[in-house]
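The sequence shown begins at 83 in this note's numbering and counts up one residue at a time.
Idealized CB from N, CA, C, for every residue including glycine.
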Amino acid sequence: METGEVSSASKTERLNFSLNVLRSLDSQGGHFEDRGLAPNGEIKISPRHRHEVSLDFTRIQLGIRYFMRDTLALSLDLPYDIKNQEAEVDFLGGNQTPE
83 METGEVSSAS KTERLNFSLN VLRSLDSQGG HFEDRGLAPN GEIKISPRHR HEVSLDFTRI
143 QLGIRYFMRD TLALSLDLPY DIKNQEAEVD FLGGNQTPE
């Protein structure tokens, strides 16, 4: 995971801008499952399979702060998220169709 921050912060300035970037690329995960959904929406027993998920995530956040006094400030944060998620089902033992 990568993080970065660019800030024009100064205690003598009244207006402050910041830019934060957070990235997490190619995160992988998954779990085994032996249940599934029937066409009518009920949960049923199905052949053992594995759910595989991958995720790329980027967040860019612009911050603006106006210091009115030493103890009072107005703050505005504008986040922008980009998520690319992929999910697959791996049927174990060559069974490609849930029963």
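Inset, instruction - Indicate, with yes or no, if the ligand FAD has a heavy atom lying under 7 Å from the CB of Met-150. - result: No copy of the ligand FAD appears in this structure; indeed no ligand is present at all.
Inset, instruction - Measure from the alpha carbon of Ser-100 to the alpha carbon of each residue in Asp-172, Glu-170, Leu-160, then state which is nearest. - result: Looking up residue 100 in the sequence shown gives position 18. The shortest Cα separation from Ser-100 among Asp-172, Glu-170, Leu-160 belongs to Leu-160.
Legend entry - Spatial distance of Leu-174 from Arg-130 (CA atoms): Taking the sequence shown and counting its residues from 1, the one referred to as residue 174 is at position 92. Taking the sequence shown and counting its residues from 1, the one referred to as residue 130 is at position 48. So the two alpha carbons sit approximately 6 Å from each other.
Legend entry - N-terminal and C-terminal residue of the beta strand (DSSP E) that Gly-123 is part of: In the sequence shown, residue 123 corresponds to position 41, counting from 1. Gly-123 -> no beta strand (DSSP E), and no H or E assigned at all.
Inset, instruction - To the nearest angstrom, report how far apart Leu-97 and Leu-158 are at their CA atoms. - result: As a first step, residue 97 must be located in the sequence shown, where it is residue number 15. As a first step, residue 158 must be located in the sequence shown, where it is residue number 76. Those two C-alpha atoms are separated by around 12 Å.
Inset, instruction - Determine the contact status of Asp-163 and Arg-132, defining contact as a CB-CB distance below 8 Å. - result: Taking the sequence shown and counting its residues from 1, one reaches residue 163 at position 81. Taking the sequence shown and counting its residues from 1, one reaches residue 132 at position 50. No, the Cβ-Cβ distance between Asp-163 and Arg-132 is not below 8 Å.
Inset, instruction - Find out if the Cβ-Cβ distance for the pair Leu-119, Ile-125 is shorter than 8 Å. - result: Here the question's residue 119 lines up with position 37 in the sequence shown. Here the question's residue 125 lines up with position 43 in the sequence shown. Cβ distance < 8 Å, so Leu-119 and Ile-125 count as in contact.
Inset, instruction - Could you tell me the boundaries of the beta strand (DSSP E) in which Glu-170 lies? - result: Locating residue 170 in the sequence shown gives position 88, counting from the first residue. Per DSSP, Glu-170 belongs to the beta strand (DSSP E) from 154-173.
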